[in-house]
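Since the structure comes first, as C-alpha cells, the remarks are kept for the end.
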Amino acid sequence: MSALRTVRQLTKLRPVLRAARPTVGVVRSRGFAVSAPALKSGNKLTSSSSATTLLAQKLRAEISYEAEVQQDDVQVGAVPQDLVEFLQEGGWEIKDTPANDEVFLTRRFGDESIRVMFSIADLQSIPDEDEPDGTDDEGPTRGDEPALRVSVAITKSTHPGALHADLYCADGAFDVANVAYYKDARVATELSIASDWERRTLWTGPLFESLDPALNEAFEAYLRERGVDSALAGFVPRYALWKEQREYLEWLHGVEGFVKA
Numbered sequence: 001m002s003a004l005r006t007v008r009q010l011t012k013l014r015p016v017l018r019a020a021r022p023t024v025g026v027v028r029s030r031g032f033a034v035s036a037p038a039l040k041s042g043n044k045l046t047s048s049s050s051a052t053t054l055l056a057q058k059l060r061a062e063i064s065y066e067a068e069v070q071q072d073d074v075q076v077g078a079v080p081q082d083l084v085e086f087l088q089e090g091g092w093e094i095k096d097t098p099a100n101d102e103v104f105l106t107r108r109f110g111d112e113s114i115r116v117m118f119s120i121a122d123l124q125s126i127p128d129e130d131e132p133d134g135t136d137d138e139g140p141t142r143g144d145e146p147a148l149r150v151s152v153a154i155t156k157s158t159h160p161g162a163l164h165a166d167l168y169c170a171d172g173a174f175d176v177a178n179v180a181y182y183k184d185a186r187v188a189t190e191l192s193i194a195s196d197w198e199r200r201t202l203w204t205g206p207l208f209e210s211l212d213p214a215l216n217e218a219f220e221a222y223l224r225e226r227g228v229d230s231a232l233a234g235f236v237p238r239y240a241l242w243k244e245q246r247e248y249l250e251w252l253h254g255v256e257g258f259v260k261a
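With UniProt numbering, letter number 47 in the sequence shown gets 47, and the count goes up by one each step, no holes.
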C-alpha cells in the first residue's frame with residue numbers, strides 16, 4: 001500500500017468529534033426572588049467509564065490496523081533507503097524533530113548556505129477520493145497532488161543579505177511563487193516571532209509570474225544549480241508522507257497511554 005493511499009485512508013478513518021451545543025433555558029424571575037434549578041448530572045465523575053473504555057479499545061484497534069499495514073508497506077517505520085541515499089548523494093543534512101510539523105534541509109554551495117523548509121501540515125489539504133475534482137480550495141495543485149509549500153533561504157559569507165524563495169511542490173516539480181531579497185540575512189532565516197513580524201512589514205518583491213519569462217527562467221536555473229531541482233521535488237512529498245505517518249502513530253500511542261492511565 002503506498003504512503004499516499006495510507007494517508008488518504010487515515011483521513012477517512014479519523015472521525016471528527018462534534019460536541020452538541022447545550023440548550024440553556026432562560027430562568028424568569030419575579031421581582032427580586034430569583035431561584036435557579038439545581039444542576040444534576042447522571043454521570044459519575046470517574047475516569048473508568050464505559051466511554052473511556054470504548055475510546056481505549058478504538059485506539060488500540062487503530063494501532064493494530066496500522067501495525068498490519070506496516071508489514072506490507074516499506075514507507076513506514078525506518079526512513080526508506082532511497083530517501084536516505086538522496087540526502088547523502090546531494091550533500092543534504094536534515095533536521096527533523098519528533099512531534100514538530102516542520103522539516104529543515106541544509107547544504108553548502110561554495111560560500112553559500114542553502115536552507116529548505118517544508119511542513120507536513122500541508123498534507124491536510126489532500127482531497128478525499130470520493131470528492132469530485134475541484135472541490136478542494138486549500139491551495140494550488142498540479143495534477144492530482146496537493147502543492148506542498150516550500151521555502152528556500154540562501155545566504156553567503158561574502159554578503160550580509162539573503163534571498164528567500166517561496167515555492168510550491170507537486171508532481172515532481174517546483175513552481176516559484178515569490179523571490180524576496182532581505183538586506184539582513186537574520187530577518188530571512190531567524191525563526192522567531194520578532195523576525196516573522198519584521199518580515200511581514202517588508203516588501204518581498206513582485207509576484208514571480210509578473211516577471212519577464214526570461215528572468216523567471218534564470219531564477220529557476222539559479223535554484224536548480226543549488227539543488228532545488230526535480231530530484232528534491234520528488235523527495236519532499238515522499239518524506240512528508242512518511243513523517244506524517246510516523247507522527248500519527250506516535251499520536252495514537254500517546255493518546256492511548258493518557259486515556260488508559
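Virtual Cβ for every residue (Gly too), placed ideally from N, Cα, C.
Contact defined as beta carbons within less than 8 Å: I believe residue i pairs with residue j. What is the distance between those atoms, to the nearest angstrom?
i, j, result
"A185", "P160", "6 Å"
"F219", "V176", "6 Å"
"R224", "F109", "That belief does not hold up - the Cβ atoms of R224 and F109 are roughly 11 Å apart, past 8 Å."
"L87", "A240", "No, L87 and A240 are not in contact; Cβ-Cβ is about 14 Å, not under 8 Å."
"Y182", "A188", "4 Å"
"G90", "R107", "7 Å"
"P98", "E250", "7 Å"
With burial defined as no fewer than 16 other Cβ atoms inside 10 Å of the residue's Cβ, what is the status of residue i: buried or exposed?
i, result
"L163", "buried"
"residue 285", "Absent from the structure is residue 285, since the part of the chain shown begins at 1 and ends at 261."
"P237", "buried"
"L232", "buried"
"Q245", "buried"
"R200", "exposed"
"A165", "buried"
Would you kindly check if the distance between the Cβ of residue j and the Cβ of residue i is under 7 Å?
i, j, result
"L167", "V179", "no"
"A147", "A170", "yes"
"L83", "W92", "no"
"V103", "D96", "yes"
Below 6 Å CB to CB, which residues in the same chain sit around residue i once its five sequence neighbours on both sides are set aside?
i, result
"V228", "V152"
"residue 272", "One cannot answer for residue 272 here, as it falls past the ends of the chain, which runs 1 to 261."
"K243", "I120"
To which residues of the same chain is residue i closer than 7 Å at the C-beta, ignoring the five residues directly before and after it?
i, result
"V259", "T52, L55, A56 and L59"
"S230", "G172 and A173"
"V255", "L59"
Under 7 Å between C-beta atoms, does residue i make it to chain C?
i, result
"V179", "The structure shown contains no chain C; it is built from a single protein chain."
Output needed for residue i: all residues of its chain with C-beta closer than 8 Å, excluding positions within five of it in sequence on either side, in chain order.
i, result
"L252", "L59, E62, I63 and E66"
"T158", "D111"
"F208", "V176, A177, N178, V179, N216 and F219"
| query | Taking three-plus beta-carbon pairs below 8 Å as touching, is the region 196-214 in contact with the region 57-70? | reply | no
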